[in-house]
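These notes concern the structure reproduced below.
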Amino acid sequence: MLKAIAKAVGISVEDVVKDYKKSGDLGTTVESLVSKKRQRTLGAEQLTVGKVFANLQAISEHSGSGSQDRKLDLIAELLSQATALEAKYIARTVLEQLRIGVAEGLVRDAVASAYNVSVDDVEGAWNLLPDFGEVAKVAKEDGEKGLKKFKLRLGTPFIVQLAEKSPGLKEAITSFKKVILEYKYDGMRTLIHKKGEKIWLFTRNLENITVAFPDLVQMARKQIKAEDCVLDGETIGLDKKTGKPVPFQQLSTRIKRKYDIEKAFGEIPIEVNLFDIVYLDGKNLMDLTFEERRKYLEKAVKETDKFHIAKGFVTSDLKEAETFYKEALKAGEEGVIVKDMEALYVPGRRVAGGWLKIKPVMESLDVVIVGGTWGTGKRAGTIGSLHLAIREPETGRFLECGMLGTGLKEKKSEQAGSATLKEMTKLLKPLVESEDGSLVRFKPKIVIEVAYEEIQKSPTYVSGYALRFPRFIRIRFDKGPDEADDLNRMEKLYKQQKGRGK
Ligand code: AMP
77 MLKAIAKAVG ISVEDVVKDY KKSGDLGTTV ESLVSKKRQR TLGAEQLTVG KVFANLQAIS
137 EHSGSGSQDR KLDLIAELLS QATALEAKYI ARTVLEQLRI GVAEGLVRDA VASAYNVSVD
197 DVEGAWNLLP DFGEVAKVAK EDGEKGLKKF KLRLGTPFIV QLAEKSPGLK EAITSFKKVI
257 LEYKYDGMRT LIHKKGEKIW LFTRNLENIT VAFPDLVQMA RKQIKAEDCV LDGETIGLDK
317 KTGKPVPFQQ LSTRIKRKYD IEKAFGEIPI EVNLFDIVYL DGKNLMDLTF EERRKYLEKA
377 VKETDKFHIA KGFVTSDLKE AETFYKEALK AGEEGVIVKD MEALYVPGRR VAGGWLKIKP
437 VMESLDVVIV GGTWGTGKRA GTIGSLHLAI REPETGRFLE CGMLGTGLKE KKSEQAGSAT
497 LKEMTKLLKP LVESEDGSLV RFKPKIVIEV AYEEIQKSPT YVSGYALRFP RFIRIRFDKG
557 PDEADDLNRM EKLYKQQKGR GK
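As C-alpha cells, this is what we get:
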C-alpha cells in the first residue's frame, strides 16, 4: 500500500512513510497527500463503484509470480483516479481497516433488525461462519430458519471458545459439579481442520497459518486417525537445547514469517497440545459435553511426545489441584485451566462459561513516567498515553520499558494514589522537558505502580524489557524516582515468571 500510494501520488515511498509515521493510519495519509498534491485533473475519468469493485476483485484473483506488481498497479490506478476522500476509504478498504466506528456487534444488531431475526441467531450463525456477508444473505432469504442451519465448514475458521478469569483455584474447582484441570500452555491457539489428507491450520483470530507451519501439518496428517475432524489445541515453541517451552513472543516470529519458513521451523521446534474436538466425520460435536468430546478426542489421535492431548487431571480436591497447578508452573507452563466436564463447547466472544483460567498474579512494579503523547480529538489537551521507565541502578538513568494507555478514569476511586486523567495531566504539565508533535518528554519525577500481564524481552525499549498490558494502579506519592524499582528487580521477575530460568 505504501508503494501504491507513492506511485499514485508521484512521491517517494520514504515520503509516504514519513507522513504515515505521524498519522498512524494510511487512509489519513493518502487523503492528505492526495489533497496536497493535486486538484483532480479536469476531464479525468470519474471513479465509479463498478471500477473500484472490478479492481478489488481482480486483486483477489491474482496470485503467483508477478502478482505483487499487478496488484500494486490495480490499487495505484484506483488511488490516482480518486479524490482525497475516496482515496482514504479505498486504502482503508484494501487494508480492512475502515475505522468508521462500526464494530462487529453493531453489524450483528443491524442484520437482526433489518431482517427481523433474533440477535442470538445472527451471532450463533456468525460464530460458526464469521462472514457477515453470508450471514446477512441467509438472514434475508431464509430468516431464522436459515440461520439455525449454519454449520461449521471444514477449511473455514470459526470463533473459538474462550476462557474466563477466575479469582483462584478454590473458587474455580468449586464452580462446577465435575471438573478437569488442564495445563495452560502459553502458545498459539491452533485449530486443526482435517479433511482426508488436506489440513488447514487457523489461529483464534481466524488467521490461516497452514503455510507457516509445515511441521505441524505433517504431524497432523500422521497422527490424526480420524478421516475428517476439527481439533482445538495450543501449540508451543520449544527451546532447541533444553526442550523447555519458550515465551510465546518467540514462537510468534514463526507466525509472521513469509520466507525462509523451513529455516524457522528448525530453529523453533513445536509441541502441540490438543484439548478439544468439535467436529468429527460430518457431525458437529459442540453440543456434546466436554467429557464426551474428550473421549472422541482420545480416539481421534495417535499421540506422540510432540503431538498429544493436553495434560489433564480430574479432581475436586483442593490439595490435589494445588499440586497439579504447581507441577504445571514447574514444567514452565502458564498455569491451569479448570473445565466443567459437563459443559458444551460454546464458540463466541461472549463468554459462556465452562473454562476458567488460573495463572500466577505478577507482582506490581513501581515505574517512573518519562514521557507520553497528547490525546487527540475529544481528548486533546489531556495526556493520552504514558511512557514508563525503570531505573538503572548503576547510572541512575531511567530506561523505557513500556507504554500505558492511561486507563485513568474520569472519577477517582477510593484507593490512595488514585488519580483522574485531568489530575495526572496537571501533575505532568510542569514537568515537560521537550515536545515533538504529540510526543512529549517529562522530567522523571512521578512514580506510579503498575500491574501487567507479563514481562517480555524487547529489542525496541532501551531497558531490554517490555511490560505487556500494563495497568495503572496508583501514584506512589510516597516515593521519589530514586526509590522506583530497578532493572535488577525486573530481571528477577522476568526469570521467575512461568518458571523460566529455573
Ligand atoms: P487467555 O489467552 O489468557 O485468555 O487464555 C485463554 C487461552 O489459553 C486460550 O485461548 C488458549 O489459547 C490457551 N490455552 C492454553 N492451554 C489451554 C487449555 N488446556 N485449554 C484451553 N485453552 C488453553
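Residue numbering for the sequence shown follows this note's numbering, beginning at 77 and increasing consecutively.
Just so you know, even glycine gets a beta-carbon here, dropped at the ideal spot from N, CA and C.
This structure is a prediction, so every number in the text was calculated from the model and none was measured.
Secondary structure of residue i, DSSP reduced to three states
{"i": "Y261", "result": "coil"}
{"i": "T399", "result": "helix"}
{"i": "L182", "result": "helix"}
{"i": "L78", "result": "helix"}
{"i": "P323", "result": "coil"}
{"i": "N192", "result": "coil"}
{"i": "D308", "result": "strand"}
{"i": "K301", "result": "coil"}
{"i": "V89", "result": "helix"}
{"i": "E525", "result": "strand"}
{"i": "V110", "result": "helix"}
{"i": "E530", "result": "strand"}
{"i": "K578", "result": "With a pLDDT of only 36 at K578, under 50, the local geometry of the prediction cannot be trusted, and no value is derived from it."}
{"i": "R552", "result": "coil"}
{"i": "A542", "result": "strand"}
{"i": "V422", "result": "coil"}
{"i": "L150", "result": "helix"}
{"i": "I135", "result": "helix"}
{"i": "L171", "result": "coil"}
{"i": "K406", "result": "helix"}
{"i": "K415", "result": "strand"}
{"i": "D101", "result": "coil"}
{"i": "L314", "result": "strand"}
{"i": "K435", "result": "coil"}
{"i": "R229", "result": "coil"}
{"i": "D561", "result": "coil"}
{"i": "R547", "result": "strand"}
{"i": "S141", "result": "coil"}
{"i": "E220", "result": "helix"}
{"i": "P206", "result": "coil"}
{"i": "A84", "result": "helix"}
{"i": "I166", "result": "helix"}
Given residue i as reference, the closest of the options once Cα atoms are compared
{"i": "G231", "options": "W276, K301, V170", "result": "W276"}
{"i": "G472", "options": "S108, A84, S539, G448", "result": "S539"}
{"i": "T159", "options": "V85, D363, A302", "result": "V85"}
{"i": "D262", "options": "K395, F341, K320", "result": "K320"}
{"i": "G103", "options": "E396, A167, V128", "result": "A167"}
{"i": "S156", "options": "V178, V106, F366, E338", "result": "V106"}
{"i": "D185", "options": "Q325, A404, P506, D196", "result": "D196"}
{"i": "E396", "options": "V187, P206, V255, T458", "result": "V255"}
{"i": "R330", "options": "P290, V354, K317", "result": "P290"}
{"i": "Y589", "options": "L464, L503, R369", "result": "Nothing in the structure corresponds to residue 589, since the chain is present only between 77 and 578."}
{"i": "L484", "options": "A495, C477, R552", "result": "A495"}
{"i": "D442", "options": "E559, T399, V293", "result": "E559"}
{"i": "T458", "options": "I466, I434, L503, T169", "result": "L503"}
{"i": "P423", "options": "A239, K127, G493", "result": "A239"}
{"i": "F324", "options": "R565, P469, E530", "result": "E530"}
{"i": "I413", "options": "L257, S108, F208, E121", "result": "L257"}
{"i": "P25", "options": "Q572, K224, I235", "result": "Given a span of 77 to 578 for the chain in the structure shown, any question on residue 25 remains unanswerable."}
{"i": "R280", "options": "G429, E338, T266, G460", "result": "T266"}
{"i": "G209", "options": "G200, V183, G219", "result": "V183"}
{"i": "I337", "options": "S108, I285, L361, K382", "result": "I285"}
{"i": "K270", "options": "E247, R297, M264, F252", "result": "R297"}
{"i": "D416", "options": "E367, A456, A404", "result": "E367"}
{"i": "T536", "options": "G556, G478, G513", "result": "G478"}
{"i": "I176", "options": "F474, D101, T250", "result": "D101"}
{"i": "G430", "options": "L475, T250, S139", "result": "T250"}
{"i": "I151", "options": "I466, F474, A163", "result": "A163"}
{"i": "P243", "options": "E567, E476, T399, K433", "result": "K433"}
{"i": "R371", "options": "F351, K359, D554, E470", "result": "Per the sequence shown, residue 371 should be read as Lys rather than Arg. Comparing Cα positions, the closest option is F351."}
{"i": "L70", "options": "F234, H138, S139", "result": "In the structure as shown, the chain starts at 77 and stops at 578, and residue 70 therefore has no counterpart that could be examined."}
{"i": "Q144", "options": "E410, S111, M77", "result": "M77"}
Beta-carbon separation (whole angstroms), residue i vs residue j, contact threshold 8 angstroms
{"i": "R333", "j": "A288", "result": "6 angstroms"}
{"i": "V526", "j": "L480", "result": "6 angstroms"}
{"i": "L327", "j": "I344", "result": "6 angstroms"}
{"i": "V293", "j": "V354", "result": "Not a contact, Cβ separation roughly 19 angstroms."}
{"i": "V211", "j": "V236", "result": "Between V236 and V211 the Cβ distance is about 18 angstroms, and since that is not below 8 angstroms, they are no contact."}
{"i": "F474", "j": "V446", "result": "5 angstroms"}
Which ranges would you report for the beta strand (DSSP E) in the stretch 438-522 if only whole runs of at least 3 residues count? 441-450, 459-467, 474-481, 508-512, 515-518
Runs of alpha helix (DSSP H) lying entirely within the stretch 235-289, each at least 4 residues, in chain order: 245-249
Quick one: which unbroken beta strand (DSSP E) runs of 3-plus residues sit fully inside the stretch 326-399? Chain order, please. 346-356, 383-385, 388-390
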